[in-house]
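Chains as they are written, first to last, in the working numbering: chain A, 1 to 341; chain B, 1001 to 1341. Don't be surprised by glycine CBs; every beta carbon is placed ideally from N, CA and C. Since the structure is predicted, the reported quantities are computational estimates derived from the model, not experimental observations.
2 protein chains.
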Amino acid sequence: MLTGKHTWIFQNRPVILSTGVSGGPFEAGGKLAEDFDILHDDLWMGKDTYEKAHQFLLEEAVQKALEKQQMQKEEIQFFLAGDLINQITPSSFAAAANGIPYLGLFGACSTSMEGLALSAFIVNYSGADYLITGASSHNAAVEKQFRYPTEYGGQKPPTAQWTVTGAGAALVAKAGKDGAAYPCITSATIGKVVDMGLSDPFNMGGAMAPAAADTIIKHLKDIGQDPDYYDLIVTGDLGKIGRKTAFEYMKKQGLDLQEEKFQDCGLMIYKEDQEVFSGASGAGCSATVFYGHLLKRMKQGEFKRILVVATGALLSPLSFQQGQSIPCIAHAVSVEYGTNA
Amino acid sequence: MLTGKHTWIFQNRPVILSTGVSGGPFEAGGKLAEDFDILHDDLWMGKDTYEKAHQFLLEEAVQKALEKQQMQKEEIQFFLAGDLINQITPSSFAAAANGIPYLGLFGACSTSMEGLALSAFIVNYSGADYLITGASSHNAAVEKQFRYPTEYGGQKPPTAQWTVTGAGAALVAKAGKDGAAYPCITSATIGKVVDMGLSDPFNMGGAMAPAAADTIIKHLKDIGQDPDYYDLIVTGDLGKIGRKTAFEYMKKQGLDLQEEKFQDCGLMIYKEDQEVFSGASGAGCSATVFYGHLLKRMKQGEFKRILVVATGALLSPLSFQQGQSIPCIAHAVSVEYGTNA
């Protein structure tokens, strides 16, 4: 790798062997309900705290990914996960429950691709035969921590986004079955933190847009390709406003990007009549939409190559209260459907 | 790598080119003051919040590591960092300030070695020519979040530990200057989360001890060595009580470990007359003691091989309030002084 480059190329094309995707009641009423493996009709999920329900979503997603391959957790060497809750306790408690050696990550809503990028790197270089990476969020647990308990019924501005209740986990391996096609991870770009001085936690899509644009531009430059190399470039959760901002910014930077090939996970998951303001967000947003919905469409032949650009707003309630702006980041992972030979 | 193993062997022996270590006033009065590059006589460090001071400590440590190699931040490809503050904002804001592509980590006080293990893996396989990893904590920022604002003067039990104000950063590279000796990273073991059901946040050393023991036993088994392979096995911050618990546990498991070769960073940093109860802790504890003090002793020829086992208690104030136990983890990195050929 040359100094100045921030993209890893995975020559061995690690595969996503299987995924597990779980969601909550609002997701069950959403546009992509069919693409979830597990859906709950209650936010509590039989637990006595929202945080335990949050943890449970991730545990279920991991279990589902294992089941699809008829594998046991003992066969998995590492578990890379993170979420938005203070000290990422849902992920760490899930790691305590499954007993898989654990690397805790924090990238806010960019965690899904931070985890997939690191997983692909580790597997590509034989640091593991099998590992699992996941990201998750729970609407009530996250809203209460970052904004207000949902029971307060606080009003939100139209720039606000709706935190997804859901978890997505991917089982990454060096190779699949001979001759079979899988989603193969071909490269990943690690983003830098971009802070444009925005400080409105009800407009995180707007704050994250420059970070997404920066990472996409960097990725294409590092791999020496034009945007049309991809059938789809999909951001994590910029929402309506952030997506528009990012698109215009990239156009201005000379990127020849077609609007219909630039989509956002936060705009896919819910129906038009579900009032989610500017769109969905949360660490579980890109994780559920990509590992569930988009990989399904890949397998159906709709997309050959996707660039998934998960975006994260790295604020805390305290940093906001202390008057600091919102630093943002985006990590991009390139996935190609095919054999890994 | 074989399934069942959780240790990475780094054939290319990535080197720690340089380190930067910063600390606060209590550390300036401590036993290892001479081994810090920068010491502040005031906890605020000229900032208007403790969190900004926390961030500043990490920024300084990174800058110092760069200066020692006369390198610019633009030459560094990735920055892997984490801390104990909600949403690891000190690390993320430091990443915003230095502009280096960033991977946010959360492993509580195990973050130092989580970062060094991943950094070594990435550099070993040419995923970067140069990267920086760091971990940090700030007594007042961390105490206020996890326990009580220090201004309250709350009483503590003898099992409690004192959070270090300090940051340690390491510049990791594929190779050093021809023929010169460096601390070389030879292997790393990723720990699993161990939860023994303990729930007293004033006795985290005791809670972390089984995780430390588990990772040390696993490491030695994976590399096929006895404990005397190392001149020193040093844990992150078990403190007096945790160290004793871990030592006895390993003895019971049949590990032939000599007591004087099993030390703890949390017992090294302060003087006997500094009242720190069971010892020091915090993500900055193992980072400052290892990157400052221990590497200096290595260079002086006192140790040829060290195993650094950073331990983390993965609780949050909320998980404790909700009656949950304290899941713990430990990651081990093996460092050998010599040339990297």
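For the pair A:A140 and A:F277, the CB atoms are not nearer than the 7 Å cut-off.
The criterion of a C-beta distance shorter than 7 Å is satisfied by B:G1134 and B:A1061.
At least one CB of chain A lies nearer than 7 Å to the CB of B:H1006. Taken atom to atom, the span from the alpha-carbon of B:E1302 to that of B:S1119 is near 25 Å.
Annotated as proximal: A:T163 and A:V142, with beta-carbon spacing under 7 Å. Beta-carbon to beta-carbon, B:A1065 and B:G1020 are separated by about 4 Å, close enough to satisfy the 8 Å threshold.
In the DSSP assignment, the residues bridged to A:S187 are A:I9, A:S334.
With a cut-off of 8 Å on Cβ pairs, the region 239-247 of chain A is in contact with the region 276-290 of chain A, counting three or more such pairs. Interface flag for A:V15 against chain B is unset, since no Cβ pair is found closer than 7 Å. Here B:S1126 is exposed: its Cβ has fewer than 16 other Cβ atoms, across all protein chains shown, within 10 Å.
At a cut-off of 7 Å between C-beta atoms, B:Y1125 counts as an interface residue with respect to chain A. In the three-state reduction of the DSSP assignment, A:F121 falls in the helix class, which pools H, G and I.
Of B:Q1069, B:A1028, B:A1169, B:D1231, the smallest CA-CA separation from B:Q1258 is found for B:D1231. Exclusion of the five residues before and after A:I88 leaves G82, G104, F106 as the residues of its chain whose Cβ lies within less than 7 Å of its Cβ. Closest in C-alpha terms to A:H219, from the list A:M204, A:L198, A:N203, A:K192, comes A:K192. Scanning chain B for C-beta atoms nearer than 7 Å to the C-beta of A:S92 yields V1193, L1314, P1327, reported in chain order. Contact check for A:I216 and A:I190: beta-carbon distance about 13 Å, past the 8 Å limit, so the pair fails to qualify. Shown in chain order are the members of the region 42-71 of chain A whose Cβ falls below 7 Å from a Cβ of chain B: T49, E51.
In the pairwise beta carbon analysis, the region 95-102 of chain A is classified as not touching the region 202-213 of chain A: fewer than three pairs are separated by under 8 Å. Within the same chain, and ignoring the five residues on either side of B:D1214 in sequence, the residues whose Cβ sits closer than 6 Å to its Cβ are V1194. Listed as beta-bridge partners of B:W1162 by DSSP are B:A1280. For B:Y1291, there is no enclosing alpha helix (DSSP H), as DSSP gives it neither H nor E.
Within the region 201-217 of chain A, no residue has its Cβ closer than 8 Å to any Cβ of chain B. Under the Cβ distance rule, B:G1020 does not count among the residues neighbouring chain A, no pair being separated by less than 7 Å.
By the rule that beta-carbons nearer than 7 Å mark a contact, B:P1149 does not touch chain A. By a beta-carbon distance limit of 8 Å, B:F1026 does not contact B:T1288. Their separation comes to about 12 Å.
Around B:F1078, the beta-carbon contacts reaching into chain A at under 8 Å are H6, I190. When secondary structure is reduced to three states using DSSP, B:R1147 falls in the coil class, being assigned neither helix nor strand. In the DSSP secondary-structure assignment, A:L131 is bridged to A:F78, A:V172. Judged by DSSP secondary structure, B:T1245 falls within the alpha helix (DSSP H) whose first and last residues are 1239-1252. Between the alpha carbons of A:G176 and A:K271 lies a distance of about 35 Å.
With respect to the C-alpha of A:A170, the residue from A:T111, A:G30, A:F10, A:K261 having the closest C-alpha is A:T111. The beta-carbon of B:T1089 is placed less than 7 Å from the nearest beta-carbon of chain A.
Using a 10 angstroms sphere on the CB of A:Q77, the tally of other CB atoms reaches 16 or more, which defines it as buried.
Per DSSP, A:V234 lies in no alpha helix (DSSP H) segment; the continuous beta strand (DSSP E) that holds it begins and ends at 232-235.
The beta carbons of B:A1212 and B:V1333 sit no closer together than 7 Å.
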